[in-house]
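A short worksheet on the structure shown next.
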Amino acid sequence: MPPEQTIYVTRPHLPPLAEVAKLLEGVWERRILTNGGPLHQQLEEELAAYLGVKHLALVANGTLALLIALKALRLQGEVITTPFSFVATSEALSWNGLEPVFADIDPHTYCLDPASIEACITPRTTAILPVHCYGFPCDVEAIQRIADDYNLKVIYDAAHAFGVDCHCGSLLQHGDFSVLSFHATKVFNTFEGGAIICPDARTKKRIDRLKNFGFVDELTVAANGINAKMSELHAAVGLAQLPGMEQSVTERRRVAELYLRELAGVPGLILPSYDQALRPNYAYMPVRVTPEAAVNREGLVEQLRSHGVVSRRYFHPLIPEFQYYRSNSSAGPARYPVATKASAEVLCLPIYPDLADATVQRICGIVRTVLDP
Ligand code: T4K
21 MPPEQTIYVT RPHLPPLAEV AKLLEGVWER RILTNGGPLH QQLEEELAAY
71 LGVKHLALVA NGTLALLIAL KALRLQGEVI TTPFSFVATS EALSWNGLEP
121 VFADIDPHTY CLDPASIEAC ITPRTTAILP VHCYGFPCDV EAIQRIADDY
171 NLKVIYDAAH AFGVDCHCGS LLQHGDFSVL SFHATKVFNT FEGGAIICPD
221 ARTKKRIDRL KNFGFVDELT VAANGINAKM SELHAAVGLA QLPGMEQSVT
271 ERRRVAELYL RELAGVPGLI LPSYDQALRP NYAYMPVRVT PEAAVNREGL
321 VEQLRSHGVV SRRYFHPLIP EFQYYRSNSS AGPARYPVAT KASAEVLCLP
371 IYPDLADATV QRICGIVRTV LDP
C-alpha cells in the first residue's frame with residue numbers, strides 16, 4: 021500500500037452496483053419514488069426479519085428516528101441521557117422541548133451507568149435515553165428496573181448496535197423504542213437512513229403517520245408530524261446490502277481480532293473486549309490511551325495523521341461541553357467523571373470490512389512505535 025494513501029476511520033460498505041441497478045429498474049418502471057413505495061415496504065419486512073424484531077419503521081436518518089420516537093411518547097420535562105455520544109442524541113431531546121440531564125457512564129461499556137441514572141431522577145424526569153455506545157449493550161435489565169420503579173419511558177439510541185444481541189435475543193427489543201442509524205459510516209447503510217423499532221402494530225401506525233406529516237388520510241392531520249420518509253433509492257441500497265451483512269461483520273471481526281493481537285501488551289493502551297455471546301458487530305475499534313502511556317491521546321492522533329491514518333476521538337468533546345449545552349443545569353465534569361476521563365482517552369482506530377491485514381499491521385506498527393519507543 022503506498023504510504024501517501026489516506027486511511028480513514030471508516031469506509032462505507034457498498035453493495036454490488038448491479039444489484040442496486042436491478043432494483044432501480046423497477047423504480048424507473050413504476051415511477052413510485054417515495055411515500056412508502058414497494059422497496060421501502062420490502063426493506064421494512066426484510067430488516068425486521070434479519071434483526072429479529074416484529075415492528076420496524078424506516079425513516080430518512082437516525083436523528084429523525086430519535087426525534088419521532090420521542091414525539092410518539094408525548095414526553096415532557098427531563099430526560100436522563102449520556103454526555104458520551106454523538107450530539108444528535110441530545111439534539112433530538114432539545115428539538116422536542118425536552119431537557120437533557122447528563123448522567124455518567126460505565127468505564128468498560130461506555131454506556132449509561134444505572135447507578136448514575138438513578139441519582140439523576142427528579143420529579144420532572146419522564147424518560148431515559150441511553151446509547152448502546154460503539155455497539156456495546158447497555159445494562160438493559162438494570163435500566164428497565166429503574167424505569168419500572170420510577171414509571172419512566174426508555175428510548176434506546178441503538179445507532180451503533182445494528183444486529184447486536186443481548187442475552188435473550190435481539191438487543192433492539194428492549195425499552196419502549198430502539199432507534200437505528202443507517203448513515204454511510206454505519207455497519208449497515210442506506211447512504212442516509214434509519215429505523216425505529218417499536219413494540220406493537222398500533223405504535224408503528226402512529227410512527228408511520230408522524231413520519232408522513234401526521235397524515236391519517238388525505239383530509240386528516242392528527243399530529244404535529246414531519247417529513248422523515250425513506251425514498252425508494254435509499255431502500256434499494258439497503259435491500260442490495262442486506263444479503264452481504266453476515267460477511268461484512270465477519271470481515272470486521274477479522275480486523276478487530278488482528279488489532280487485539282497486534283496491540284496486546286502495548287504499555288498504557290487499553291483494548292476493547294467483545295463478548296461473542298452477544299453477536300458483536302465490530303462497528304468501532306475504541307482504544308484508550310491512559311496517563312501511563314508514553315504519549316497522550318492527542319500525541320497519538322497526530323502521529324497517526326502524519327502517517328496518513330485518520331483516527332477519530334469519538335466522543336470528544338462531550339455533548340455538554342458544546343457551547344449550546346454548556347448552560348444546561350447538569351453540565352459539568354463533576355457530574356460525569358468517568359465520561360470526562362473517557363472523552364480525554366478514547367481513540368477510534370480505522371475499522372471497516374475491506375481494511376486489509378497489511379494496513380492494520382501498519383497502523384499497529386505506528387501505535388507500537390509511538391507508545392512503546
Ligand atoms: N446517535 C448516535 C449515537 C450516533 O452516533 C449518530 C450518528 C446518530 C444518533 C445520528 O444518526 P444519523 O442522523 O447520522 O443517521 C459521523 C456520522 O455522520 C454520524 O452519522 C455518526 N453518528 C457519527 C458517530 O459519525 P462524522 O462527523 O465523524 O462523519 P465524517 O463525515 O467525518 O465521516 C467519518 C469518516 O467516514 C470520514 O473520515 C471518511 C468516511 N466517510 C464518511 C462519509 C460520510 C466515507 O468514506 N464516505 C462517506 O460518505 O460523523
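Each number in this note's numbering comes from the position in the sequence shown (counting from 1) with 20 added on. No residue lacks a Cβ here, since even glycine has one placed at the ideal position from N, Cα and C.
Same chain, Cβ closer than 6 Å to residue i, five either side skipped, listed in chain order
i    : result
V207 : F182, N301, A303
G82  : A179, S201, G214
T360 : P353
V366 : P306, R308
R332 : V29, C368
G97  : R144, T146
Exposure of residue i, with buried meaning 16 or more beta-carbon neighbours within 10 Å
i    : result
P22  : Any reading at P22 needs caution, since the residue's pLDDT is 47, under 50, leaving its predicted position unreliable; the model's value is listed next. So P22 counts as exposed.
N209 : buried
C188 : exposed
E65  : exposed
G117 : exposed
V390 : buried
Y344 : exposed
A376 : exposed
H128 : exposed
L37  : exposed
D126 : buried
V380 : buried
Q261 : buried
A242 : exposed
K42  : exposed
L239 : exposed
P357 : exposed
Same chain only: Cβ atoms within 7 Å of residue i, ignoring 5 sequence neighbours per side
i    : result
P134 : D159, A162, I163, I166
N247 : F233
S251 : L53, T54
K224 : H75, A77, C218
R388 : V286
F335 : F104, S105, F106, S363
Host alpha helix (DSSP H) of residue i (start-end)
i    : result
P370 : Premise fails: P370 is in no alpha helix (DSSP H) and is neither H nor E.
I339 : Where I339 is concerned, there is no enclosing alpha helix (DSSP H), given that its DSSP letter is neither H nor E.
A260 : 252-261
R281 : 265-283
First and last residue of the uninterrupted beta strand (DSSP E) at residue i
i    : result
C218 : 214-218
D133 : No beta strand (DSSP E) holds D133; DSSP gives it neither H nor E.
S201 : 197-201
Y176 : 173-177
V309 : 305-309
I148 : 145-149
V236 : 235-237
Neighbour flag for residue i against chain C, beta carbons, 8 Å
i    : result
E138 : Of the protein chains in this structure there is only one, and it is not chain C.
Proximal residues to residue i (C-beta, below 8 Å), its chain only, five neighbours per side dropped
i    : result
L95  : N116, L118, T146, A147, K173
A314 : P287, G288, V390, L391, D392, P393
Beta-carbon separation (whole angstroms), residue i vs residue j, contact threshold 8 Å
i    : j    : result
V99  : P120 : 6 Å
T26  : G385 : With 8 Å as the limit, T26 and G385 do not qualify as a contact, their Cβ atoms being about 17 Å apart.
I88  : I227 : 6 Å
K91  : L259 : Their Cβ separation, rounded to whole angstroms, is 28 Å, which puts K91 and L259 out of contact at 8 Å.
S198 : G72  : 12 Å between Cβ atoms; not a contact.
Exercise for the section: Within the stretch 45-129, note down every full alpha helix (DSSP H) run reaching 4 residues or more, in order along the chain. Expected result: DSSP runs (the alpha helix (DSSP H)) wholly in the stretch 45-129: 58-71, 82-92, 108-115.
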